[in-house]
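Peer 1:
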Amino acid sequence: MYNYNYPPNFYFDGNNLRNYQNNYQNDNLFNPYEGLIRGNLFKNIYDPYKNEKPYAIKPMNNQAKMLTDIDSLEFAIIDLNLYLDVYPDDKYAIELFNKYRSEQNELLHNYQNEYGPILLNSDALNNIPWMWDNKPWPWEN
Amino acid sequence: MWRYEKKLEYPININKKDLSLAKTMMAQYGGPDSELGAALRYLNQRYTMPDEKGYAL
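Shown next as structure tokens:
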């Protein structure tokens with residue numbers, strides 16, 4: 537009734553699509569940071585606009601650097617999530633997804649202990665006084 | 040379904056203030072026919088999606 541195997545054909549030329557699942561295991565993914573600044577984790581479907589170059593993120597301090605690492609992993613997790621929605625049997629992708637997920641959990645834990653809570657389930661909220669409404673807010677420096 | 044996360048998806052670092060550009064961007068972001076209105080429509084379309092893939096997006 538529904539086409540559960542729909543591939544997003546418009547992303548690929550025919551050859552890419554056929555070899556997609558096998559190919560991308562062989563070093564065909566960007567690392568999370570490279571993926572974040574490109575908006576795409578998959579090398580074979582990364583298609584920059586004209587001669588556009590990805591813009592490198594230059595963190596101003598250690599806090600910004602830790603946040604950039606967390607953002608990178610979060611991007612990779614979301615992109616693999618979208619991939620796995622289409623290819624749910626890809627063991628390698630699930631392993632990679634879970635590797636990035638546990639790395640991000642660890643980084644989030646370290647960041648929150650040092651700089652205050654990001655999420656309301658953070659252990660940093662054990663402290664007195666209440667830390668949730670402390671600076672900085674996401675849109676501030 | 041939603042939670043407040045005290046961080047951005049991508050870092051910002053504003054060096055120069057440009058009020059007229061800010062006004063245009065706020066209109067694109069939250070005004071009539073805005074990204075925000077479109078995003079809300081897409082989010083609400085999930086309830087009538089035909090399959091689990093659609094729900095999960």
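Going down the list, the protein sequences come from chains Y and P.
Throughout the first sequence, residue numbering follows the numbering used here, covering 537 to 677 in sequence.
Throughout the second sequence, residue numbering follows the numbering used here, covering 40 to 96 in sequence.
Ideal placement from N, C-alpha and C gives every residue a C-beta, glycine not left out.
Should Y560(Y) go down as buried or exposed, given a rule of 16 or more other Cβ atoms within 10 Å for buried?
Peer 2: Interpretation of Y560(Y) is limited by its pLDDT of 47, a score under 50 that renders its predicted location unreliable; no figure is taken from the coordinates.
Peer 1: Quick one: is the Cβ of Q599(Y) within less than 6 angstroms of any heavy atom of the ligand NAD?
Peer 2: This structure lacks the ligand NAD; in fact it carries no ligand of any kind.
Peer 1: I'd like the list of long-range same chain contacts for K586(Y), defined as Cβ closer than 7 angstroms, with 5 residues on each side in sequence excluded.
Peer 2: So the list is empty, once near-sequence residues are dropped.
Peer 1: Closer than 9 angstroms by beta-carbon distance: list the chain P residues that pair up with P653(Y), in chain order.
Peer 2: Under the 9 angstroms cutoff, chain P gives K45.
Peer 1: First and last residue of the alpha helix (DSSP H) that includes P50(P)?
Peer 2: Segment: none, P50(P) is in no alpha helix (DSSP H) and carries neither H nor E.
Peer 1: In terms of residue numbering, what span does the alpha helix (DSSP H) encompassing G58(P) cover?
Peer 2: A small fix is needed here, since residue 58(P) is Leu in this sequence, not Gly. Where L58(P) is concerned, the enclosing alpha helix (DSSP H) stretches over L58 to G69.
Peer 1: Going by DSSP in three states, L577(Y) sits in which element: helix, strand or coil?
Peer 2: In the structure shown, L577(Y) sits in coil (DSSP, three-state: anything other than H, G, I, E or B).
Peer 1: Which chain Y residues are close to K62(P), counting only those with a beta carbon under 8 angstroms from its beta carbon?
Peer 2: Chain Y residues near K62(P): none, gap ~17 angstroms exceeds 8 angstroms.
Peer 1: Please list the terminal residues of the continuous alpha helix (DSSP H) segment that includes E588(Y).
Peer 2: Element bounds for E588(Y): n/a, residue is neither H nor E.
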